[in-house]
Every structure is written in structure tokens, then in C-alpha cells.
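There are 4 protein chains.
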Amino acid sequence: MKIGFIGLGRMGLAMSNRLVDAGFDLVVYNRTREKAAELEKKGAKVAGSIAEACKGRDLVITMLADDKALAEVVDGGLLSTLAKGAIHMPMGTHSVTALTALKEQHDAAGHAFVAAPVLGRPDAAAAGQIGIVPGGNRDAIAKLEPVFKTLGRRAFDAGENPAGAAAVKLANNMVLGCAVEAMAEAFALTRKFGVPPQVFNEVLTDGLFACPAYKVYGGIIANESYDKVGFAVKLGFKDSNLIMAAGQAASVPLPSANVFRDTLIEALAHGEGDLDWSVMARVRARASGLE
Amino acid sequence: MKIGFIGLGRMGLAMSNRLVDAGFDLVVYNRTREKAAELEKKGAKVAGSIAEACKGRDLVITMLADDKALAEVVDGGLLSTLAKGAIHMPMGTHSVTALTALKEQHDAAGHAFVAAPVLGRPDAAAAGQIGIVPGGNRDAIAKLEPVFKTLGRRAFDAGENPAGAAAVKLANNMVLGCAVEAMAEAFALTRKFGVPPQVFNEVLTDGLFACPAYKVYGGIIANESYDKVGFAVKLGFKDSNLIMAAGQAASVPLPSANVFRDTLIEALAHGEGDLDWSVMARVRARASGLE
Amino acid sequence: MKIGFIGLGRMGLAMSNRLVDAGFDLVVYNRTREKAAELEKKGAKVAGSIAEACKGRDLVITMLADDKALAEVVDGGLLSTLAKGAIHMPMGTHSVTALTALKEQHDAAGHAFVAAPVLGRPDAAAAGQIGIVPGGNRDAIAKLEPVFKTLGRRAFDAGENPAGAAAVKLANNMVLGCAVEAMAEAFALTRKFGVPPQVFNEVLTDGLFACPAYKVYGGIIANESYDKVGFAVKLGFKDSNLIMAAGQAASVPLPSANVFRDTLIEALAHGEGDLDWSVMARVRARASGLE
Amino acid sequence: MKIGFIGLGRMGLAMSNRLVDAGFDLVVYNRTREKAAELEKKGAKVAGSIAEACKGRDLVITMLADDKALAEVVDGGLLSTLAKGAIHMPMGTHSVTALTALKEQHDAAGHAFVAAPVLGRPDAAAAGQIGIVPGGNRDAIAKLEPVFKTLGRRAFDAGENPAGAAAVKLANNMVLGCAVEAMAEAFALTRKFGVPPQVFNEVLTDGLFACPAYKVYGGIIANESYDKVGFAVKLGFKDSNLIMAAGQAASVPLPSANVFRDTLIEALAHGEGDLDWSVMARVRARASGLE
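Line by line, the protein sequences are chains A, B, C and D.
According to numbering that gives the first Met the number 0, the residues represented by the first sequence are 0 to 290, in order.
According to numbering that gives the first Met the number 0, the residues represented by the second sequence are 0 to 290, in order.
According to numbering that gives the first Met the number 0, the residues represented by the third sequence are 0 to 290, in order.
According to numbering that gives the first Met the number 0, the residues represented by the fourth sequence are 0 to 290, in order.
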């Protein structure tokens, strides 16, 4: 399978390295070409344009920061160059509406379209330990199994709707945002009764919530180490807007998501946009008269 | 240590059995005496009145359903019979205001007071695997270590405020309620995009949320098996009111808790009070036009 | 019609004065007797006990601060002294559950029961310009028309359920709380774009919202004159709890009421409990990084 | 003052008619030219293109449905044709971000820019009874006084920020949406206690809320006449998104706005998008188990 790979950010680099290491015929493209140096040494071709990265490829993977970057790549050569029957698979986090519109464009052009957002961070991507959530063209998803095996630990088939794959990724992030908000409120409540944050953190993560979501963010909150940024307020807020847009597109009220989104806005209003998003706990503490 | 134990519901029975098995000198009391039969065979004395269960005891544990039941026991003989310097330790889930008021009464009477709500269900209590959250009199908590070791897996010291112990328990339940609400919204969202609930459940519980809270309730939601009741809507709602009352007592806004409480009210309005509280997912599905 | 009147606070005084001025045969009772001096001069009898204020009366009106005060009067002589067929009409703001329970007690005792909360402040009560919302026994309500005419500008018949009358009063207050919260958010939003608060206030109250609710509280917010207290945060919060309790009793989710209640809690957490409840606008401004 | 007027929808027609009636030198443009027939008879010139409607004009008013339509007009000739020093005044409801971006474009081009959204419906516009909220270039606003006098009853100066004018309009609509939501909850609550909706409506609109917002929508709710559409759910939802976007742009959490927006989403999910937005009351009734 001949693969084009567009977008060599931290995630894209980790993923394209795994593909070239596994022996796939790979052409890569990035706006700033230097990022491709190591891949080139390993045998990947480096394209000088989007079109060159798409021409004659069976599959083009895009790993881009947002809808805007994706649209620029699609309109900047991908859509017009990709061969009939070839597959485009965006693996970044995109809005359901962008993916739905893109599906129509690819359908009209005779391309197969699969959205496949990923779960995990760059280190997990480098280790092939990310989760992948493909949604879209059934035949394409079947053919892509070797790619999924190379890139990730597990693929979760979201069905035939590419927007469904995005919804899974966004819903997962939403559940995380709600968990952080709930912790933020819970720490404020227990602090007001004199409970040491470390104690509450231990209670929380000892039983029902003995999992990374709570351990990671509960720990940051208990230590108030919001400057060790796992996921910044600004990024969380960006995601919250994609979540809102998904709820809007599907007519699903998301009252819990509204709550944590408002707490993020409150953090932004206080100049905390570059801190870890668990700084929601400081927002809730302030609201409770604690800070 | 001579112990009185009042309240032989499912939790109380499991806990008092552990105490008598461990060789503690135990007097038990329950409104319906039959529940004490097995304990009596094992060597526990069965008191005919609350006063009898408190007289000459170093420690009286109460394990009662709610504030009302606790007040009846306190006013019905406990407060007037307990010796100076003896300890009263309620281990049920009570309101912060009830515990604060009770602390004052015990202080005035020269008793030591420790609130020690527990985390876990009757089977965990029978196996000595519950978590215990003591809060209150420091000397008493130190003396109670052998009791905590007998009853539970681990004790988390909430500090000197008995209401703080209740706050920990309630905050933990609040975080759980918020998690179920978040899942409820997330399942509705992904369903609307055609994602099979089982797939979303696997995504959710595979990584960030690989812990009992999500596995148990995610599983029920994915299967819509709300009649397998782990924790009924009615009980969850009762807890949500205790949570609200704690927030009120400490002036802590709890917007996430409001959200899941409203979803529980909506379940109650639809006659779903006896189903598992993860039926919140059905409420959210209805709100999204799915049912 | 022989009337007993219990509770001579500011509202009670204004109302009982109208009754005696209109020539009703009136016996009044208040815990602190001095409040009754002026009424006595006008010809009202002053009772030395609750029982004395109820004995032989066709109607006993209670105008008390809360459920607790009402229960003390009911249990302290009213229920046992009131004649069969006589009417008890509480006109304070009470919880739906207290009124429902009280109705059962009066039914059992053969009394007629009408809850009749009022809309308006002491000056309106003195001028006979309050609104009255009677709910309960149909025959009694019919008989009470002359009383309503004397006390208020208009009576709104809430139906045969006394709790319904309370629900009307509480729902009206809820709509007001929501209006103040909405203004609080709206002023914060427009301020952030450099709009002078006075200008926004004029826009708001010029057209769609040209009514007292917006004029009074919009004016206070625009001037930040929260120390001119029309309705204190503490009282608003007390009402918000009665509203919550009504929603709970009837299984009605009230998400908007939760929002303004949380804003009041945030005000309480910042020591603003004695300010006018439109200080919600300051809470919202703080959350927006404005103060 | 030579005026160009672009956009002859119901509002635009009413407004341009007033301008030509008042003797202004008017060139109008609309995509479908027929709408301009009556204006032409009265002496207005009808332009064949956007550019023609802008050329040599001192002021160009645009009255367009949304940001997209505005951008098409701006890019389709307005920006490139308008003379230096001339004024562009959009009077539709636009997002704060679109207006902020447009201000920059006009600044760069040497144009004066004033956003001036209006309050009121087509019949009020025809009668010159709308409110106008200008924000932007101070000199331009001063010069525009005769235009404001012709078009409306009153102008409210929002300051020098065009986005501020939009914020005022959106905040006003937000307060209205919150009022409808509050009524929706209040009617559900009182209905559950057996109170006839007409009675609650009378209580509500008799005193504190004796203003159009409550009278109009309270009446529709009491009669459940949601098919008499004053303002459709779909339009309300569109506005709610502009409100959210304004809150986002200025970092202002808007929890009340979230609540009514979710209720609108729930209406959309139930196929009620074309009904009057006070159908929120039916959503709330459903949530309460009433329908």
C-alpha cells in the first residue's frame, strides 16, 4: 500500500516514523520541510507539494491541527490529485460538520473517505500504543487493518459515518472534561471542610476512579501544579467548542459539557489559558471564596 | 475495647460480623431483633434497647439509613447513656449539618465524636475491603485503628472535622454522579452519529477511564440493562440532596452536581426511580429525540 | 367574620391594620406583645397566647417568617384550639411540603385550610395593593372574598391545592431570580465590549422589559448600588431553597433556578449575603475577570 | 446625505421606505430586484450591482440576514467601491467577531464603520418605532443622527466599539431567551401542583413582569399556541449561537444562556424548530413528565 502522509507535527512525526519503520512505501509532506529530515534518511520520499504527496498513492493520511489546516490541504491539491478509488484518512481531531462536508466532496470525486481520530499522546504514538477510531467507507476500513496495526494498539470501528468517529473522540474528551470539572468542584467542597487535598485525592483514586483520568488530574489539583501542562486550557476550550458543535449538529443537549466549558472560559478570563486545564479547580476554589 | 453496634441493615450486619469474628466484646441493637440471631450465636450480646447497647461501652458505632434514623437513636438513649469519654462513631452517610449539630451535643456531654462514612458495598464490607473515612476527635481516631483494620482495607483521615468526613464521602459520590451524567450525554451524542453503544463503551473504558466507575455504569448503559440495579435513582437522588446541602453549608457552588441531579429528577418524573441511576442515559437519549 | 391574626412582622402589621380599619372583629397575637399596641388602640383585642387568638374565631390568619415558625404556632395551640369548620389561612411564604402536611392535619381536625401567599412588600400591603394567591378549600375561598378585598388589589385563585398557591408564589420569585441572573450575565457581557452599563440598562428597560423587575434591579446593577437592599442575598437564597424543594416535591427539573442559586452561593462565599441580591451582577463580573 | 441601502428583506424594506419618504437620496440594491419596485416608484434609484449601490454614497446601510450574507456583500463590491471617508453601517444582527474583523478592513480602507443593530420587528420599523444601537466611529455616529431619527424612536449609543453594539443586541436577546426559559420552568412547576396556566400567567404579568416580554410569551405558553410564531425556535437557536460566540470572544461565562440554548436544542431534537420558541415550555413540561 502506497501511502502519502501530510502533517508532521509531534503526532504526525511519530506516526509516519512507525509507517516507514514497518516498511510502507511512504511519501511525506510538511509545510516546513526540515521536519522530514529523519524520515528521509529512513527511506521516505519527501514531497515538495501537497499534490506530489497525493499523486499515485493508495492512501493519504492527514494529521493536521484543525479544520482550517485540513481544508487548506484538501483544497490545496489533495482533492484534485488523489486517484479515483484511493483513500483519504484524516486522523486529527476535526469537527463533525467539516468531516461530513469533506465526505461529500470525496464521494463526488470517487475517493474513499475514512475519518480516524486517535486517542493518546505523542509518546504513545511513537510506541504504537494509541487507540484509533476509524469511521467511514467499509471496504477502505477493512483494507486499512495493517496500517491500524502498525500505528496503534487497537482500532475501534465507529461505523460507516466518518462524523461518528469524530463524535467518539469528542465524546471521550467531553467525558474527561466533565471528570476534571467534577473533581474541581469536589476538591473545593472538601477543602472548605478542612480536608487535606492529598487525602481526598487518595480516596478518589483508590477505588471507583483508579484510572489515568483521575490519577493524572487529581494529582495536579492536589499539588496545585497547574504549570506542569498536560493539556492546556486553550486546547481544552478549543475541544469544548468542537463538542458544542457536535451537539448542535446532532441536536443533543450537553449540559455537563456547558458547565466545564464555562469554567474554562472563567480560567481564560483570568489569564490562565496556558496552564493545565485542571486549573478548573482553582476557578472553582475562587468561586467558593477560597483563593 | 467494648463496642456497641446499632443498626443491622446489610452494611451493619456485615460490619458487626467482622467485629465479633475478630474477638471484640460486642453488644448489638436493631429495631427488629431477628437480624441479630447469627451474631448472637457467634457470641455477641443482643441489647433490648438503645440504652442497653450504649451502657458501659467504649465505642458505639451507628450504621443507620439517614439523619432521621440517627437522630432517633441519639435521642432515644444513646446520648443520655454513653459514658463520658466514650466514643460515638456514625458510619452511615449523613448530612454535614446533622453531623455538625451532633458533634456539639457530644461535646457538651463529654463524649468523643468521630464520623466515619464508608466506601463500598455490603460484599466489600463482609470481606473487610471497604474504605473508611474517619473525621473528628484525634485521640479517638488513633484509638480506633484496630477497629478500622478489622472493618476495612484502608482508612483515610479526613481531619478533625466530622463534617469533613461526610464531605469526602459525598464528594466522592458527586464525582460518580457527574461521571454517569457525562457518560449519559456522551452515549446520546455518539448514538446520534450511528456509533454502536458497545463500541463507545469499549473506547471509554479502554484507556483514560479504565476503572470501576466507568466499567460498571458504561456496561449497564451500553446494554440498557437498567433493571439490574446497582444504585437506584431514588438513592442517588437522596445522595444528591445531601451533596446540595453540603455545598450550601459551605457556600460552594456545585454546577455539575446540579446537572446530574436534574437528570435524576427527570427520571423520577418518568417513573424510573427504582431503576439503576445510569438510566440517566435514557433521560439524555429522550432529550435528544432518540427514544 | 371573627378573625385571629398571628404574626405581626412588617407584613403582618400592615395587613392586620387594614383588617381592623375595615371593621373586622380582630384578635391578634405576636410573640413580642408591644408590636400590637397600635392595633389595640384601634380596637383589636390582643391575645396572650396562640390558643386565645384562635378560640372561637371563624378564620385564623398566620403571617410567619418560615416553616419552623408556622409549625411552632400550629403545634403551640392553633391546631388544638381552632373550632371545627373554622379556617386557617397561612399567608407567608412556605414550602409546598409543609403546606401539604399541614393540610392533612387540618383535614383530620375538621378545619378548612387555605394557603394564601402574597405578592408585594409592606408598603403595598399597607395600601391594600398586594396580590393574593389563595389555594385550597373551595367554600372557604369563596367566603374569604371580603378579606381578600380588604387586604389586596387582586386575588388569583390557584385551585384546590394549597401547595399550588405556594408553587405560584415560588415560581414567581424564581422567574425574578432568573431575570436578575440574566441581567447579571448581560451586563458583564456588554461591559466587556466597552458598553456603559447605563446605556445597556436603558436599552433593556425601554422596550421588551419595561417593567418593575428589570427597572428596579437593572438600575441597582447599573449604579452598583448593592447596599440599597431591596431583597437581600440571604433571603433570595432562602427562597431558592424553597424553589428547589418545590421542584423536588413535584419532580420538575429547574435548571435556570440552579444557575441563579449557584450565583447566590458564590455571593455568600464572598461575604455579600447582606447586599441586594442583584449583586449577582458583581459575581458574574468577577467570573468574567472584570473586578 | 447620499445613502446606499443593501438588503430588502422585511426589515430592510420597511427601513428604506422610511428613508425615501423622508427625502433622502437613496440607491437600493437587492439580489432579487422585484422587491425594489415600490421604492423605485417613490423615487429611489435601483442599483444593478453592489458596487453601483455603493459608488459615491456618503453612507451605505446593509440589512442582511447573517454574517455570510454580509461578507458576500462586503467582498462583492462594497469594500472596494466605497469612497474614503464614507460610512458603512450594517444594521442586521451579526457576530462580534465578524464586526471586529470588518472594522479592521474598513479602517484599512479609510472608511468609517458603525454597527447599528435594531430592536423591534418589521411593523415597528415601518412606523419608525424601532430602537437603534449604534457603536463605532464617533464622528460618523454624530453625523448619522438624522438617519436614526428617521428610522427609529430612539438611538442608544453603545460606544466606540462596533462589536459593543452587537453585544447589546445579543445581550438583550439573551435576557429574553432566559425569561422564556424561566417561564417555561415556572409553568411546568405550577402545572404539576394543579394551577391553571392562565392563572399563573395572570399572576406573572400583573406586577413585576407587566411588560411585553412576559405578556407575549406568557400568553402563548398559557394557550399552548406555539404555532402562532413570533420568533421561531430555529431563529432563537441561531441567536443563541451568536450569544455563545460573543461570550467566547470576551471570555464571559453565560450559564443561563446555556440553559435556554439546551432547551432549544431539545426542541429541535423533537422536530419543533418551526414553532415559536416559547415551545420551550413544552420541552420543560415533557422533562417533568407532563406530556
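We put the beta carbon where it would ideally sit given N, CA and C, even for glycine.
All of these numbers come straight from a predicted model, not from anything done at the bench.
| query | result |
| --- | --- |
| Test: A284/D CB closer than 8 Å to a CB of chain B | no |
| Contact with chain B by L267/C, beta-carbon distance below 8 Å | yes |
| Beta carbon of A164/C nearer than 8 Å to that of A185/D | no |
| Outcome for T80/B when other beta-carbon atoms lying within 10 angstroms are tallied against a minimum of 16 | buried |
| For V26/A, the first and last residue of its enclosing beta strand (DSSP E) | 24-28 |
| S94/D at chain B interface by Cβ criterion, 8 Å | no |
| Inter-residue spacing [alpha-carbon to alpha-carbon] between A97/B and L38/B | 30 Å |
| Near the ligand HEM: T31/A beta-carbon under 7 Å from a heavy atom | No copy of the ligand HEM occurs in the structure displayed, which carries no ligand at all. |
| Distance, S48/A Cα to G76/A Cα | 8 Å |
| The segment 242-253 of chain C / the segment 184-204 of chain D touching (three or more Cβ pairs under 8 Å) | yes |
| Cross-chain neighbours of S250/B in chain A, by beta carbon under 8 Å | K191, S287, G288 |
| Chain-ordered chain D contacts of G246/A [CB-CB under 8 Å] | I264 |
| Within-8 Å CB hit, P254/D to chain B | yes |
| Contact check, I131/A vs G158/A, beta carbons under 8 Å | no |
| Alpha helix (DSSP H) runs wholly inside the segment 89-154 of chain A, at least 4 long, in chain order | 95-108, 121-125, 137-142, 144-150 |
| Own chain partners of L241/C with C-beta closer than 6 Å, once the 5 adjacent residues on each side are dropped | S94, L169 |
| Chain C contact for D261/B (CB, 8 Å cutoff) | yes |
| Chain C within 8 Å of S133/D, Cβ atoms only | According to the sequence as given, residue 133/D is Pro; it is not Ser. No, P133/D lies away from the interface with chain C (no Cβ there is under 8 Å from its Cβ). |
| M14/C versus G288/D: straight-line alpha-carbon distance, rounded | 39 Å |
| Opening and closing residue of the beta strand (DSSP E) in which V59/A lies | 58-61 |
| Exposure label - T31/D; buried when at least 16 CB within 10 Å | exposed |
| Among R137/B, L118/B, G135/B, nearest to G128/B - alpha-carbon criterion | The sequence given here has Gln at residue 128/B, not Gly. Comparing Cα-Cα distances from Q128/B to each of R137/B, L118/B, G135/B, the minimum goes to L118/B. |
| Where R296/A meets chain B, residues with beta-carbon distance less than 8 Å | Because chain A in this structure spans residues 0 to 290, residue 296/A falls outside the shown range and cannot be described. |
| Cα-Cα separation between I220/A and A209/B, rounded to whole angstroms | 20 Å |
| Cross-chain neighbours of V202/B in chain A, by beta carbon under 8 Å | L118, G130, V132, F155, V167, N171 |
| Short CB-CB distance (under 8 Å) between F160/B and chain C | With the sequence shown as reference, residue 160/B is identified as Asn, and Phe is not the correct amino acid for it. No - not a single Cβ of chain C is within 8 Å of the one on N160/B. |
| Where D20/B falls: helix, strand or coil (DSSP) | helix |
| Residue environment, E180/C, which counts as buried when at least 16 other CB atoms sit within 10 Å | buried |
| Beta-carbon neighbours of A36/A, restricted to chain B and to distances below 9 Å | Here the premise fails: no neighbours, minimum Cβ distance about 32 Å. |
| Where V167/A falls: helix, strand or coil (DSSP) | helix |
| E33/A burial status per 10 Å Cβ neighbour count (16 or more: buried) | exposed |
| contact_flag[the segment 265-277 of chain D, the segment 232-239 of chain D] where n(CB pairs < 8 Å) is 3 or more | yes |
| Rounded Cβ spacing between P116/C and M90/C (contact assumed at less than 8 Å) | 6 Å |
| Close-in-space but distant-in-sequence residues of the same chain around K42/D (CB under 7 Å, 5 per side omitted) | In the sequence on display, residue 42/D carries Gly and not Lys. So the qualifying residues of the chain are V19. |
| Exposed unless 16 or more other CB atoms sit within 10 angstroms - verdict on R137/A | exposed |
| CB contact check: A100/D to chain C, cutoff 8 Å | no |
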